[in-house]
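Report on one structure; see the data block that follows.
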Amino acid sequence: MNQIEATVKGITKTDIVTYIDIECASTELRIIKSKAPIWLSKGDRVSCDFKEASVCVSKECPGKISIENKISATLIDVRKSGSLCELTFESDLGKVISLITTDAYDNLGLALDCKATMLLRGVDIEISPVVKPLLFTTRTKYAN
Numbered sequence: 005m006n007q008i009e010a011t012v013k014g015i016t017k018t019d020i021v022t023y024i025d026i027e028c029a030s031t032e033l034r035i036i037k038s039k040a041p042i043w044l045s046k047g048d049r050v051s052c053d054f055k056e057a058s059v060c061v062s063k064e065c066p067g068k069i070s071i072e073n074k075i076s077a078t079l080i081d082v083r084k085s086g087s088l089c090e091l092t093f094e095s096d097l098g099k100v101i102s103l104i105t106t107d108a109y110d111n112l113g114l115a116l117d118c119k120a121t122m123l124l125r126g127v128d129i130e131i132s133p134v135v136k137p138l139l140f141t142t143r144t145k146y147a148n
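Last residue of the sequence shown? That's 148 in my numbering, and every number before it is there in order.
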């Protein structure tokens with residue numbers, strides 16, 4: 005599971021869905037939910053989780069696509085099996101792992117250190133609050 009921390013920049017409710025705009029480093033992403041969690045507010049720090057299979061990969065894709073989140077990245081590691089490839093990318097989000105078929109990897113002409121675009125659907129991103137741990141102090145009474 006990929007996980008990043010981000011700041012909520014905006015929440016826009018429509019008649020059908022709610023758009024939650026977040027920012028991680030200098031990258032903006034859009035999350036799409038049926039409705040925003042009641043605890044969520046602009047300015048909140050959130051943890052964003054998304055599966056490796058939710059990260060699509062594009063290389064030299066000049067056309068328009070329906071996926072909102074397009075993140076420039078560099079391929080830094082590849083693990084191949086007979087049918088699947090686990091790709092590790094470095095981007096402004098940090099390290100992100102994608103799982104694609106070996107056929108897709110070969111057809112895209114991917115190689116280590118190549119530039120690519122990660123595509124992430126907003127509906128595939130789960131969010132939860134970033135909770136800071138509470139620090140407790142212990143007081144001890146000494147009997148005299």
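C-beta atoms are modelled at their ideal positions from N, C-alpha and C, and glycine is treated no differently.
Small disclaimer: the values here were computed from a predicted structure and weren't measured.
May I ask you to verify whether the region 79-87 touches the region 33-46, counting CB pairs closer than 8 Å and requiring at least 3? As far as the Cβ criterion goes, the region 79-87 does not touch the region 33-46, which means the pair count is below three.
Helix, strand or coil: how does DSSP classify E130 here? Reduced to three states, the DSSP call for E130 is strand.
Are there three or more Cβ pairs, one per stretch, closer than 8 Å when the region 19-27 is compared with the region 105-113? Three or more Cβ pairs closer than 8 Å define a contact, and the region 19-27 falls short of that threshold against the region 105-113.
Where does the unbroken beta strand (DSSP E) through T105 begin, and where does it stop? Unbroken beta strand (DSSP E) run through T105: 98-105.
Tell me the DSSP secondary structure of E56 in three-state form. helix
In this structure, how does DSSP classify A108 when only helix, strand and coil are distinguished? helix
Suppose the cutoff is 7 Å on Cβ atoms and the five residues either side in sequence are ignored; what does the same chain contact list for G14 look like? Close CB contacts of G14 within its chain, under the 7 Å cut and outside five residues either way in sequence, are with D25, K46 (chain order).
CA nearest to the CA of D96, picked from I36, L79, I35: L79
Let me know the secondary structure DSSP gives A40 once reduced to three states. coil
Compute the distance between the beta-carbons of T16 and Y23, then report whether it is under 8 Å. yes
With a 10 Å radius around its C-beta and 16 neighbouring C-beta atoms as the bar for buried, classify C118 as buried or exposed. exposed
With 16 other Cβ atoms within 10 Å as the buried cut-off, status of A120: buried
Backbone CA spacing between R49 and V127 [nearest angstrom]: 19 Å
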